Amino acid sequence: MAGRRVAIVGAGMTKFVRRALETGQELAWEAASKALESCEMTLDQIDAVVLGSAPDAFDGVHMKVEYLSPGAGAWGKPTIRGYVGGGTGVFAAIQGWYHIASGMFDTVLVVCEEKMSSCHPHPQAAFNYIFDHTLERPLGPNLLWIFALEMNAYMTKYGLTKRDIAMVAVKNKRNAADHPAALLGDPNITVEDILQSEVLAWPVQRLDVSPVTDGAVAIVMAAEHVARRVTNKPVWVEGVGWSLDTQYWTNRDLSYPTYVEEAARKAYAMAGIKEPRKEIHIVEPYDPFDYKELHHLEGLLLADRGKAAELIALGIANRDGDMPVTPSGGLLGVGNPIAAAGLMKVAEIFWQLRGEAGKRQVPGQPRRGLAQAWGDLMQVGTVIILGI
Amino acid sequence: MERWVYPTTGLRAEDLEQGRVCLVRTPMRGEYAWDAGVAVGRFLAELKAGRLIGRRCRACGRVMVPPRMFCEQCFRPTDEWVPLADTGTVITLSVCTISWDMRRLEVPEVPAVIAIDGASPGMGIMHKLGEIGRTLEEILDRVRIGMRVQAVWKPAGEREGAITDILYFRPLEQ
Chain S
0 MAGRRVAIVG AGMTKFVRRA LETGQELAWE AASKALESCE MTLDQIDAVV
50 LGSAPDAFDG VHMKVEYLSP GAGAWGKPTI RGYVGGGTGV FAAIQGWYHI
100 ASGMFDTVLV VCEEKMSSCH PHPQAAFNYI FDHTLERPLG PNLLWIFALE
150 MNAYMTKYGL TKRDIAMVAV KNKRNAADHP AALLGDPNIT VEDILQSEVL
200 AWPVQRLDVS PVTDGAVAIV MAAEHVARRV TNKPVWVEGV GWSLDTQYWT
250 NRDLSYPTYV EEAARKAYAM AGIKEPRKEI HIVEPYDPFD YKELHHLEGL
300 LLADRGKAAE LIALGIANRD GDMPVTPSGG LLGVGNPIAA AGLMKVAEIF
350 WQLRGEAGKR QVPGQPRRGL AQAWGDLMQV GTVIILGI
Chain E
0 MERWVYPTTG LRAEDLEQGR VCLVRTPMRG EYAWDAGVAV GRFLAELKAG
50 RLIGRRCRAC GRVMVPPRMF CEQCFRPTDE WVPLADTGTV ITLSVCTISW
100 DMRRLEVPEV PAVIAIDGAS PGMGIMHKLG EIGRTLEEIL DRVRIGMRVQ
150 AVWKPAGERE GAITDILYFR PLEQ
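Here the protein sequences come in this chain order: S and E. The first sequence: position 277 = 276 (numbering that gives the first Met the number 0), numbered continuously. The second sequence: position 88 = 87 (numbering that gives the first Met the number 0), numbered continuously.
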């Protein structure tokens with residue numbers, strides 16, 4: 000492990016909702032204040048702030064993090080923005096880690112906020128700007144295109160069916176029914192519901208996709224000497240990794256997320272993990288679309304290529320299975336306020352390892368978990384491994 | 000952990016429609032004129048002439064499209080222009096039935112990544128497929144990954160040096 004030991008000592012979040020009355024600043028405050036309260040800390044004990052939020056275009060506010068900063072407790076503190084698109088939520092936690100591991104700070108408040116609903120008539124408008132302005136935008140693309148293109152490449156390469164993939168959405172939306180912040184939890188949803196939902200961009204149907212969401216999540220991170228004073232249940236950062244693939248996405252093999260494997264290998268090496276399938280007890284892979292959970296499990300080396308769907312079909316990925324995957328309910332179930340969704344996954348591992356996940360608690364006292372996010376133009380992988 | 004979830008206020012569509020909450024609307028309009036650059040500028044000029052062109056790096060041997068003046072793998076300048084065919088193979092495709100703002104399209108669009116003949120394997124560009132039907136079912140019946148396609152160009156006089164100088168790619172007779 001590079002640098003000083005770092006722990007997560009507190010976590011809090013807003014409810015995830017389709018449209019919040021609260022502004023982005025207010026959402027950031029709700030999550031930040033809950034995280035501080037959870038570890039009985041006050042803002043004056045925080046040395047620095049990491050603030051994660053995805054495209055400025057959602058809010059129509061330039062330098063959005065500076066705008067959000069009062070709600071995130073950043074007044075008068077060293078503050079940095081984390082932003083790698085959908086990968087931001089996990090990346091912000093990684094930034095919090097290196098702020099402390101480096102010896103620069105002892106305590107960091109990490110806040111991730113996203114308010115997608117402000118962008119009218121649909122936040123997809125903001126996503127259109129991720130495409131190349133000269134060679135792609137004149138074709139009139141929308142965000143679903145790239146997911147549908149990737150999903151089809153993945154399905155076709157391994158002969159997977161829509162049914163194989165729909166089982167991910169069912170598992171996650173059912174898991175989310177036990178999450179008190181969830182937007183789309185549904186204990187009774189079935190594979191048929193997913194398969195019969197409206198086709199958006201074949202092979203993507205409406206219930207294959209996570210919802211537009213407003214929300215925020217915050218965690219408190221601390222150096223070892225502070226963490227041991229603050230709590231008797233610190234959750235240690237054991238490994239981190241991140242990597243970026245080429246911007247030329249039409250030149251990549253879309254059936255495999257190489258950048259996730261690169262990020263995972265860095266994190267496993269740092270954590271001293273030789274056999275991830277045995278040594279990782281809970282996984283929260285990024286699931287904005289159901290196929291992405293499978294794609295990412297393969298990139299994380301937790302399933303053979305093309306075989307992740309078997310983990311779902313055999314129940315291994317269920318909350319009471321051998322390797323629970325997305326016990327929170329994930330982006331498909333809890334919701335997908337972009338940056339906040341990734342940090343929600345980190346918070347879920349924190350609560351699970353402390354035995355505080357309530358109805359979602361994974362049995363068997365898991366000791367090590369992994370959260371992963373993904374983003375930019377389908378090209379960044381961010382991975383964090385936590386343990387007790 | 001329930002204690003650490005804030006009771007955030009979710010709004011419903013009716014709350015907005017019936018004016019129960021205050022909303023302020025301010026449209027933002029930005030207009031840009033993007034320079035196409037050295038590599039893509041040449042690529043666009045070739046499109047106007049009805050040709051596709053790529054760029055070779057002699058160090059790794061890759062013929063790249065879209066072309067670039069530097070090789071991001073070898074991190075050195077690329078070396079020469081390479082004429083490409085206007086045919087290729089569909090690497091992946093989708094049949095999109097909605098617009099960006101979630102309205103239903105009368106005729107679905109079929110975005111695809113097409114590996115261009117003459118470039119290195121897997122070097123694709125994004126474009127659309129055409130002449131493949133007008134309904135989701137019809138199109139799904141007629142397209143597949145791996146199918147061979149050819150560019151359908153705008154008439155020479157109407158080309159303007161844009162990616163849309165290719166109207167779409169159509170299936171090649173097998």
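In this text, a Cβ means the ideal position worked out from N, Cα and C, and glycines have one as well. Given the structure is predicted, the values throughout are model-derived calculations rather than measurements.
Coarse secondary structure for residue i, derived from DSSP in three states
| i | result |
| --- | --- |
| alanine 263/S | helix |
| histidine 280/S | coil |
| glycine 188/S | In the sequence as presented, glycine is not what sits at residue 188/S; that position holds isoleucine. Reduced to three states, the DSSP call for isoleucine 188/S is coil. |
| glycine 132/E | coil |
| glutamate 157/E | helix |
| glutamate 16/E | helix |
| isoleucine 144/E | coil |
| isoleucine 90/E | strand |
| glutamine 246/S | coil |
| alanine 200/S | strand |
| arginine 55/E | strand |
| glutamine 371/S | strand |
| tryptophan 3/E | helix |
| glycine 214/S | strand |
| glutamine 44/S | helix |
| leucine 376/S | coil |
| leucine 104/E | strand |
| alanine 56/S | helix |
| threonine 96/E | strand |
| arginine 205/S | helix |
| glutamine 360/S | coil |
| glutamine 351/S | helix |
| glutamate 237/S | strand |
Where the alpha helix (DSSP H) containing residue i begins and where it ends
| i | result |
| --- | --- |
| phenylalanine 393/S | Here chain S comprises residues numbered 0 to 387, so residue 393/S is not present and cannot be evaluated. |
| tryptophan 28/S | 23-37 |
| aspartate 163/S | 161-175 |
| leucine 43/E | 37-47 |
| valine 434/S | This structure leaves residue 434/S out entirely; chain S is present only between 0 and 387. |
Alpha-carbon to alpha-carbon, residue j and residue i
| i | j | result |
| --- | --- | --- |
| serine 327/S | aspartate 46/S | 30 Å |
| asparagine 151/S | glycine 2/S | 42 Å |
| alanine 222/S | isoleucine 129/S | 37 Å |
| alanine 302/S | glycine 363/S | 21 Å |
| methionine 220/S | leucine 385/S | 12 Å |
| arginine 136/S | isoleucine 165/E | 14 Å |
| proline 6/E | proline 54/S | 26 Å |
| lysine 291/S | isoleucine 79/S | 29 Å |
| valine 333/S | glycine 156/E | 53 Å |
| glycine 86/S | alanine 262/S | 11 Å |
| methionine 0/E | aspartate 185/S | 20 Å |
| valine 169/S | methionine 322/S | 17 Å |
| leucine 92/E | leucine 148/S | 5 Å |
| phenylalanine 146/S | arginine 228/S | 45 Å |
| arginine 50/E | arginine 41/E | 11 Å |
| arginine 28/E | methionine 166/S | 42 Å |
| arginine 162/S | serine 209/S | 17 Å |
| valine 190/S | glycine 314/S | 14 Å |
| glycine 329/S | isoleucine 311/S | 14 Å |
| leucine 183/S | aspartate 286/S | 14 Å |
Limits of the beta strand (DSSP E) - the one that residue i falls within
| i | result |
| --- | --- |
| methionine 202/E | A question about residue 202/E goes unanswered here, because the residues of chain E that appear run from 0 up to 173. |
| valine 112/E | 110-115 |
| phenylalanine 181/E | Limits of chain E in this structure are 0 at one end and 173 at the other, which puts residue 181/E out of reach. |
| methionine 388/S | Given a span of 0 to 387 for chain S in the structure shown, any question on residue 388/S remains unanswerable. |
| tryptophan 80/E | 79-83 |
| glycine 386/S | 379-386 |
Nearest neighbour of residue i, chosen from the options [CA to CA]
| i | options | result |
| --- | --- | --- |
| proline 110/E | Tyr167/E, Leu10/E, Arg24/E | Tyr167/E |
| valine 16/S | Thr212/S, Asn187/S, Ala31/S, Trp241/S | Thr212/S |
| isoleucine 144/E | Gly368/S, Met377/S, Leu253/S, Val259/S | Leu253/S |
| valine 234/S | Ser52/S, Phe57/S, Cys38/S | Cys38/S |
| tryptophan 201/S | Ala161/E, Leu10/E, Thr96/E | Thr96/E |
| leucine 22/E | Pro275/S, Ser196/S, His119/S, Pro179/S | His119/S |
| aspartate 58/S | Gly357/S, Gly88/S, Ala124/S | Ala124/S |
| leucine 300/S | Tyr255/S, Leu330/S, Ile7/S, Glu191/S | Tyr255/S |
| valine 131/S | Met125/E, Glu16/E, Gly129/E | For the sequence presented, residue 131/S should be read as aspartate rather than valine. The candidate whose alpha carbon is nearest that of aspartate 131/S is Met125/E. |
| phenylalanine 288/S | Ile193/S, Lys76/S, Trp28/S, Ile188/S | Ile193/S |
| glycine 117/E | Glu130/E, Glu16/E, Arg55/E | Arg55/E |
Runs of beta strand (DSSP E) lying entirely within the region 58-143 of chain S, each at least 3 residues, in chain order: 78-81, 106-114
Unbroken stretches of the alpha helix (DSSP H), 4 residues or longer, contained in the region 268-349 of chain S: 275-278, 289-298, 307-312, 329-332
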